[in-house]
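This report refers to the structure that appears directly beneath it.
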Amino acid sequence: MPAVLTALLLFLVPALAQTPTPDVSLVSDLPLFSTSGPLLIRGLLPLVSLRKGAPFHFGATHDIWNPNATWTSNVFNTVFNHVVAENGCKWYDTEPVRGEANLTDCKGASQFAGAHHATFRGHNTFWHSQTPEWLPGNVTAEDLVKNVIPEHVKAEITGLGPNVTSWDVMNEIIGDTTTWDMDALACVQNKNAWPTRSVDGDATSAPLVNDLSFVHAAFAAAFKAAAPSTRLVYNEYYTGFNDSKTACVVKLIEDIHNTVKIPLNRLAVGFQSHVTAAPIVDFPRSFVPKTDLGATFKRLAGLGVDVLVTEIDIVVQTNTTADARWQAAIWGDTLDACLYASNCHEFINWDTRDDQSWIQPKPGRATLPTLFDVDGNPKLVAYELQARFARFALGRPETCATALGTTACTVFF
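With the working numbering applied, the sequence shown corresponds to residues 135 to 547, in that order.
In structure tokens:
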């Protein structure tokens, strides 16, 4: 999160903390469903896939150093059928020394998926953050584009083999202050991140790669290395709104298609969905309304491009029943947007329980961003997702946007 935004949010905490929590209507309120007892979402997923007409992957992150191994194993047996490594497939871990692939942790997460009869997705081959110590170093733009990036992408994707549903080829390269008139290159340069800048995040540092060749190099290598069934994903945060940043994502996908000649049905967009019920510390934008998200998914479907919800967690302001219900409504709406979209087949929850989340409490936010509490017990939001899956599997039509409150939406069966 940019430092200037963090500072602004810290200044505004008193005002932000007063954001009213709406009264919401939940699918899990209906008599048919329960908010207690066993959570058995995985048993519903074959029925969900049947209605979708293609396998539906409902997953969560896992790293091999997970401190709650038994609990984690159980939850993947009963709730999730899809695995992504939280950190084990990132560049700093997979190529700590130039030219020497170390896929131990990445393969460990993949093997965990196999042991639990789950599918696996790769995250990620390129990100300007969490890079190995030898980067940026004194690597030239030409060396980066012609050698470093394609060799790394090839080694990682081929090393994991063909049984990967999707790879985040590029992660977070579009800026937060884009405008509607920007082309794909300007959208990326707006980020002021390495490698468009020689110093990551420093807009005053010298330019390094002055075009989109580093993006094209990564996707070209991924296209050659990945199995034909593997989607090649551009993954980004704060997207899905009807805004210029989301428009930039579409422009970038179209540029990759036109330049690298990758078929649109091999490309996909990952919507991270690290969101909040209301703007709070470190998270200046709240959740994407379901109408916006659904429209964005439909627009990409029109291009033949798949979409994924790749990293969802939802931060709340307080540990109250009202905020727990609002969290459940937002998460449920996001799941519905994916379930009822023809081009969305992967939905990944970031971290499995509150004590293991990368987001921890601080003044101005209660956090509580996952489906399970610090003791590993399912929260209301988990039962809401189970109810949404069941309702979808039973063939019911999409409900209204519950996160907007009962004045705008009351759920129906």
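Just so it is clear, CB atoms sit at the ideal spot from N, CA and C, and this is done for glycine as well.
- N344 sits exposed, since fewer than 16 C-beta atoms from the chains shown fall within 10 Å of its C-beta.
- The C-alpha of S347 lies about 6 Å from the C-alpha of V279.
- Membership of H286 in the alpha helix (DSSP H) is indicated by the continuous run I283 to L294.
- Between G248 and V298, the C-beta gap is not smaller than 8 Å, which leaves the two residues out of contact.
- If you draw a straight line from the Cα of S244 to the Cα of T204, it is about 17 Å long.
- In the DSSP assignment, the residues bridged to I446 are N483.
- Exposure of E276 is indicated by the presence of fewer than 16 other C-beta atoms within 10 angstroms of its C-beta.
- Put simply, the backbone Cα of A289 is about 8 Å away from that of A359.
- Sequence-distant partners of E445 (beyond 5 residues in either direction) whose C-beta falls short of 7 Å from its own C-beta, in its chain, are Q406, S407, H408, I482 and W484.
- In the structure shown, G404 adopts extended strand secondary structure according to DSSP, grouped into three states.
- Residue burial annotation: Q451 is buried, with at least 16 other C-beta atoms found within 10 angstroms of its C-beta.
- Contact between F431 and V422 is absent: CB atoms are separated by about 11 Å, not below the 8 Å threshold.
- Under DSSP, I414 forms a beta bridge with F417.
- In this structure, N211 sits away from T253, with a CB-CB distance that is not shorter than 8 Å.
- Each of T533, G539, D507 and A524 was checked against the Cα of S183, and the nearest Cα belongs to A524.
- In this structure, I493 sits away from D457, with a CB-CB distance that is not shorter than 8 Å.
- Note that the C-beta distance between R487 and G510 is below 8 Å.
- For the stretch 343 to 397, the full-length alpha helix (DSSP H) segments reaching 4 residues or more read 347 to 359 and 378 to 394 along the chain.
- Assignment of beta-bridge partners to S491 by DSSP yields no partner.
- Scanning H479, E267 and D317 for the CA closest to the CA of G404 turns up H479.
- The alpha-carbon of T311 is positioned some 7 Å away from that of N324.
- Bridge partners of F192 according to DSSP: F481.
- Ranked by Cα distance from I198, the options V218, G177, H286 and D239 are led by D239.
- CA-to-CA, the gap between V217 and P154 works out to about 35 Å.
- Distances from the alpha-carbon of T504 to those of T195, S263 and P189 put T195 closest.
- Rounded to the nearest angstrom, the Cβ distance from A327 to D334 is 5 Å, consistent with a contact under 8 Å.
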